[in-house]
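Q:
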Amino acid sequence: MYLKKNLTHYLVEQQRQHGVVTADVRLLLETVARACKAISHAVSKGALGGVLGSLESENVQGEVQKKLDVISNEILLEANEWGGNLAAMASEEMDTLHRIPAHFPKGKNLLLFDPLDGSSNIDVNVSIGTIFSVLQLPEEANTRDVQEADFLQPGVKQVAAGYAVYGPQTMLILTVGAGVVGFTLDKETGSWVLTHPAIRIPEETAEFAINMSNQRYWEPAIRHYIEDCLKGKEGPLGKNYNMRWIASMVADVHRIMCRGGIFMYPRDQRESVRHGKLRLMYEANPMSFLVEQAGGAAIDGEQRILEIEPNALHQRVGVILGSKNEVQRVQQYHLKHS
Ligand SMILES: O=P(O)(O)OC[C@H]1O[C@](O)(COP(=O)(O)O)[C@@H](O)[C@@H]1O
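All residue numbers for the sequence shown refer to my numbering, where the first residue is 209 and numbers rise by one.
As structure tokens, then:
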């Protein structure tokens, strides 16, 4: 064997032997992966490429955009416009949907992405990533212009999801609904090599990830849970917990994919930010699909995230995901304290 199994080989197998991915979704995923390579290249240049720092613009959420947020968004749009596999795209960085221009063939899928997640880490050389989700275009939209409402499908309808993490290695973690696999970018050959053929999240953990500085805004359930974690072996949970917080969801979730843990960005008690920080369509849904496919669980507090009926493209939700038994434990705290 001279060549290691790569992304194309894996996807062709999923299409031909297992029938879990269609030809157009396979080609679409290859294009997204190609875009991630270009983003990885831009990220790795840093100050040498003049790509660090902020712009004067704000995105639809009122957040200041980093240069690399905008560059990554452009790369994903440009790579995916002409392939004929998509009807429209939606991005955390754009106010509304982006229809495939009329001079390109219109496909039957929808792509959603957070082009560069973990903005606060871009300029300080800490891992960041790209998150993406693929939905099918509803039948009735084939004969008319795509609308925002066509994207508002619950996460269980996703046909594929994944993320690329730009860290010490560049990796692509992917699900097409048949488990979770991981590829490492071989920068010499430019190939996404299958290095993690069956990612599983351990059911038990004693490691949590949460931004502790928001403690005063948490719901009572999360406050009680963390208080009990901090009591360690002598407390009601009977074990000593460790805390990790990178502040890039991609990197925090990737750690959980590798060794288990629980990640929380809970809902906020303040009226103005009641729904939490993370976006359902670009962050919570794709990550929940991946986590469940790896044997973990993902809830907003009480409810399974993948079953939430979305009401807006940029909707925010509480996110609690990771090792199954620990997520269920937090769900119990919610049932008890709500
Ligand atoms: O600044 P905080 O509260 O630590 O938030 C960090 C969280 O925000 C995010 O960076 C998302 O926000 P951005 O999309 O603006 O990057 C997540 O990746 C991360 O988990």
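Beta carbons: idealized from backbone N, C-alpha and C, even for Gly.
1) Give me the Cα-Cα distance between residue 308 and residue 513, rounded to the nearest whole angstrom.
2) To the nearest angstrom, how far is the alpha carbon of residue 252 from that of residue 279?
3) Whose CA, out of 257, 290, 397 and 263, lies closest to the CA of residue 232?
4) Are at least three pairs of beta-carbons, each pair with one atom in the segment 523-532 and one in the segment 401-421, less than 8 Å apart?
5) Taking 7 Å as the cut-off, decide whether the C-beta atoms of residue 548 and residue 449 are in contact.
6) Comparing the CB of residue 369 with every heavy atom of ligand 1, is any distance shorter than 6 Å?
7) Under three-state DSSP, which class holds residue 522?
8) Using a Cβ-based criterion (distance less than 6 Å to any ligand heavy atom), does residue 455 qualify as near ligand 1?
9) Name the DSSP beta bridge partners of residue 253, please?
10) Please name the residue in 350, 214 and 329 whose C-alpha comes closest to that of residue 316.
11) Taking 6 Å as the cut-off, does the CB of residue 419 come closer than this to any heavy atom belonging to ligand 1?
12) Ignore the nearest five residues each way along the sequence and tell me which others in residue 445's own chain have a CB closer than 7 Å to its CB.
13) Scan the segment 468-538 and note each continuous beta strand (DSSP E) run of 3 residues or more that stays entirely inside, going in chain order.
14) So does residue 496 have its beta carbon nearer than 6 Å to some heavy atom of ligand 1?
15) Which residues share a DSSP beta bridge with residue 460?
16) Could you tell me which residues DSSP pairs with residue 307 in its beta bridges?
17) Compute every distance between the C-beta of residue 327 and the non-hydrogen atoms of ligand 1, then say whether any falls below 6 Å.
18) Identify, in the order they occur along the chain, each residue of the same chain with its Cβ nearer than 8 Å to the Cβ of residue 521, setting aside the five sequence neighbours on each side.
19) Helix or strand or just coil, what does DSSP make of residue 440?
20) Please determine, among 300, 275 and 323, the residue with the shortest C-alpha to C-alpha distance to residue 287.
21) Within a Cβ cutoff of 6 Å, which residues of the same chain sit near residue 460, ignoring the five residues on either side of it in sequence?
22) Can you list, in chain order, the residues of its chain whose CB lies under 6 Å from that of residue 505, leaving out five sequence neighbours each side?
23) For residue 379, which of helix, strand or coil comes out of DSSP?
24) Measuring alpha carbon to alpha carbon, tell me which of 423, 495, 523 and 390 ends up nearest residue 456.
25) How many Å lie between residue 385 and residue 375 at the Cα?
26) In terms of residue numbering, what span does the beta strand (DSSP E) encompassing residue 317 cover?
27) Short of 7 Å in beta carbon distance, which residues of its chain neighbour residue 257, apart from the five on each side in sequence? Order them along the chain.
28) For residue 388, does the three-state DSSP call read helix, strand or coil?
29) Starting from residue 273, trace the beta strand (DSSP E) both ways and give me its first and last residue.
30) Please list the terminal residues of the continuous beta strand (DSSP E) segment that includes residue 417.
31) Using C-beta distances below 7 Å, list every residue in its chain close to residue 328, excluding the 5 sequence neighbours before and after it, in chain order.
32) Helix or strand or just coil, what does DSSP make of residue 397?
A: The answer reads as follows:
1) Taking the sequence shown and counting its residues from 1, the one referred to as residue 308 is at position 100. Taking the sequence shown and counting its residues from 1, the one referred to as residue 513 is at position 305. Each residue's alpha carbon lies about 29 Å from the other.
2) Counted from its first residue, the sequence shown places residue 252 at position 44. Counted from its first residue, the sequence shown places residue 279 at position 71. Near 13 Å, if we compare the C-alpha coordinates of residue 279 and residue 252.
3) Position 24 of the sequence shown, counting from 1, holds the residue named residue 232. The shortest C-alpha separation from residue 232 is found at 290.
4) yes
5) As shown, the chain starts at 209 and ends at 546. That puts residue 548 outside it, with no answer to give.
6) Numbered from its first residue, the sequence shown carries residue 369 at position 161. Checking the Cβ of residue 369 against ligand 1 gives no.
7) Translated into positions along the sequence shown, residue 522 becomes position 314. In the structure shown, residue 522 sits in coil (DSSP, three-state: anything other than H, G, I, E or B).
8) Here residue 455 refers to the residue found at position 247 when the sequence shown is read from its first residue. True, at least one ligand heavy atom lies under 6 Å from that Cβ.
9) Counted from its first residue, the sequence shown places residue 253 at position 45. Beta-bridge pairing links residue 253 to no other residue.
10) Within the sequence shown, residue 316 is the residue found at index 108, counting from 1. The candidate whose alpha carbon is nearest that of residue 316 is 350.
11) By 1-based counting over the sequence shown, the position of residue 419 is 211. Yes, ligand 1 has a heavy atom inside 6 Å of this Cβ.
12) Looking up residue 445 in the sequence shown gives position 237. 436 and 437.
13) DSSP runs (the beta strand (DSSP E)) wholly in the segment 468-538: 470-473, 505-507 and 527-530.
14) As a working mapping, residue 496 is identified with position 288 in the sequence shown. No, the Cβ of residue 496 stays beyond 6 Å of every heavy atom of ligand 1.
15) Looking up residue 460 in the sequence shown gives position 252. Beta-bridge pairing links residue 460 to no other residue.
16) For the purposes of this step, residue 307 is taken as the residue at position 99 of the sequence shown. According to DSSP, which records beta bridges pairwise, residue 307 is partnered with 296.
17) Position 119 of the sequence shown, counting from 1, holds the residue named residue 327. Yes - ligand 1 has a heavy atom lying nearer than 6 Å to the Cβ of residue 327.
18) If you number the sequence shown from 1, residue 521 lands on position 313. Around residue 521: 298, 304, 305, 356, 359, 360 and 489.
19) Locating residue 440 in the sequence shown gives position 232, where the first residue counts as 1. DSSP places residue 440 in helix when its eight states are reduced to three.
20) Residue 287 sits at position 79 when you count from the first residue of the sequence shown. Measuring from the Cα of residue 287, the nearest candidate turns out to be 323.
21) Indexing the sequence shown from 1 puts residue 460 at position 252. Result list for residue 460: 417, 454 and 471, in chain order.
22) Here residue 505 refers to the residue found at position 297 when the sequence shown is read from its first residue. Cβ neighbours of residue 505 beyond the five flanking positions: 532 and 535.
23) Position 171 of the sequence shown, counted from the first residue, corresponds to residue 379. Strand, per DSSP.
24) The residue labelled residue 456 in the question sits at position 248 within the sequence shown. Per the Cα distances, 495.
25) Counting from 1 along the sequence shown, the entry for residue 385 is found at position 177. Counting from 1 along the sequence shown, the entry for residue 375 is found at position 167. Going from the Cα of residue 385 to the Cα of residue 375 covers about 25 Å.
26) What you label residue 317 is simply residue 109 of the sequence shown in a count that begins at 1. Note, residue 317: beta strand (DSSP E), 317-325.
27) Your numbering for residue 257 matches position 49 in the sequence shown. The residues are 250.
28) Taking the sequence shown and counting its residues from 1, one reaches residue 388 at position 180. Three-state result, residue 388: coil.
29) On the sequence shown, residue 273 is found 65 positions in, with the first residue counted as 1. Residue 273 -> beta strand (DSSP E) spans 272-274.
30) As a position in the sequence shown, residue 417 is number 209, starting the count at 1. That run of the beta strand (DSSP E) goes 415-417.
31) Start at 1 with the first residue of the sequence shown, and residue 328 comes out as number 120. Answer for residue 328: 455, listed in chain order.
32) Taking the sequence shown and counting its residues from 1, one reaches residue 397 at position 189. In this structure, residue 397 counts as coil in the three-state DSSP scheme.
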